[in-house]
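Count along the sequence shown starting at 1, add 7, and that's the number in my numbering. Accompanying notes for the structure given below.
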Amino acid sequence: MLGEPAFLAIGKLRHPHGVHGEILMEVFTDFPERLRPGVVLYLGREAMQIRMIKCRQHREGLLMTFEGFTSPEEVGQFRNQIVYVKSVDRPPLEDGEYYHHQLIGLHVVSEAGETIGTVTEILETGASDILVVIPNSGPEVLIPVASAFIHEIDLNKREITVHLIPGMQGEEAGS
8 MLGEPAFLAI
18 GKLRHPHGVH
28 GEILMEVFTD
38 FPERLRPGVV
48 LYLGREAMQI
58 RMIKCRQHRE
68 GLLMTFEGFT
78 SPEEVGQFRN
88 QIVYVKSVDR
98 PPLEDGEYYH
108 HQLIGLHVVS
118 EAGETIGTVT
128 EILETGASDI
138 LVVIPNSGPE
148 VLIPVASAFI
158 HEIDLNKREI
168 TVHLIPGMQG
178 EEAGS
C-alpha cells in the first residue's frame with residue numbers, strides 16, 4: 008500500500024545484561040510473541056541485519072541474544088539502537104484494527120463531508136487511543152478512537168469519517 012514504511016520499530020536496545028552477551032530491549036510492539044529464536048531483526052538507521060537466537064522476559068522488557076555476539080562488550084555497541092522488523096513481516100490484524108502508521112496522514116471528514124484536518128499523531132492514553140488532527144486553521148482536534156466518534160476508516164480513500172460533538176473543534180458547546 009502507498010505510504011507503507013519498509014521497517015517498523017519494535018523496540019530500543021538499552022544495555023548489556025550479564026556476562027553471556029544478552030542485551031535488554033525496551034519493547035514498543037504489541038506483538039512481542041513474534042520474537043522467536045531465528046527471527047531476523049534490523050538495528051539502527053543503517054538497518055544492520057542481525058539474527059536473534061534467544062529471547063526471554065525481564066521485568067524491564069526482553070533480554071535478547073544475537074548470533075555471533077557472546078559478551079557484554081560485543082552487544083554494548085548496540086546500546087540505544089532502535090530495533091526494526093520488515094513491514095511485510097508484521098502480523099495481520101483483525102478487521103477494524105489498524106497500525107498507527109496506517110492512520111497518520113489520513114484526512115478526517117465529518118459525516119456531512121466537511122474537511123476537519125489531517126491525522127498527525129496518535130496518543131496512547133491507556134483507555135483509548137486519541138487521534139491528533141491538525142485542521143487548516145484553528146487549534147488541533149483530539150478525537151478518541153471509539154465507535155461513538157469514528158464512523159469509518161477507509162485506507163484506500165485515505166480518509167476517516169467522524170462524528171464530533173460540540174466543543175471538540177474548539178467552539179463553545181451550545182453555540
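Even for Gly, the Cβ is constructed at its ideal location relative to N, Cα and C.
| Item | Value |
| --- | --- |
| Run through the segment 44–109 for me and flag every whole beta strand (DSSP E) of 3 or more residues, listed as ranges in chain order. | 47–50, 55–65, 68–73 and 89–93 |
| Classify Pro39 as helix, strand or coil using the three-state DSSP reduction. | helix |
| Between the C-alpha atoms of Ile60 and Ala54, what's the straight-line distance to the nearest angstrom? | 18 angstroms |
| Restricting to Cα atoms, I'd like to know which of Leu171, Phe38, Leu15 and Ile167 is closest to Thr127. | Ile167 |
| Specify, as a first and last residue, the run of the beta strand (DSSP E) that Val115 falls within. | His114 to Ser117 |
| Determine, using beta carbons only, whether Ala134 comes closer than 8 angstroms to chain C. | Note that chain C does not occur in the displayed structure, where there is just one protein chain. |
| Please return the same chain residues whose Cβ sits closer than 8 angstroms to the Cβ of Val140, not counting the five positions on each side in sequence. | Val115, Ile123, Gly124, Thr125, Val126, Thr127, Glu147, Val148, Leu149 and Ile150 |
| For Glu159, which residues in the same chain have their Cβ closer than 6 angstroms to its Cβ, ignoring the five residues on either side in sequence? | Thr168 |
| DSSP beta-bridge partners for Lys164? | The partner list for Lys164 (beta bridge, DSSP) is empty, contrary to what the question assumes. |
| Near Asp161, which residues of its chain fall below 8 angstroms by C-beta distance, leaving aside the five closest residues on each side in sequence? | Ile167 and Thr168 |
| Mind reading off the beta-carbon distance from Gly68 to Glu29? Whole number of angstroms is fine, and I expect it under 8 angstroms. | Not really, about 11 angstroms apart at Cβ, beyond 8 angstroms. |
| Would you check if the distance between the CB atom of Ala155 and the CB atom of Lys93 is smaller than 8 angstroms? | no |
| In the DSSP assignment, the beta strand (DSSP E) including Ala16 goes from what residue to what residue? | Phe14 to His24 |
| Classify Ala180: buried if its beta carbon has 16 or more other beta carbons within 10 angstroms, exposed otherwise. | Note that Ala180 scores a pLDDT of 47, beneath 50, so its modelled location is shaky; the value from the coordinates is reported in the next line. Result: exposed. |
| Determine the direct distance from the alpha carbon of Tyr91 to that of Gly25, and round the result to whole angstroms. | 24 angstroms |
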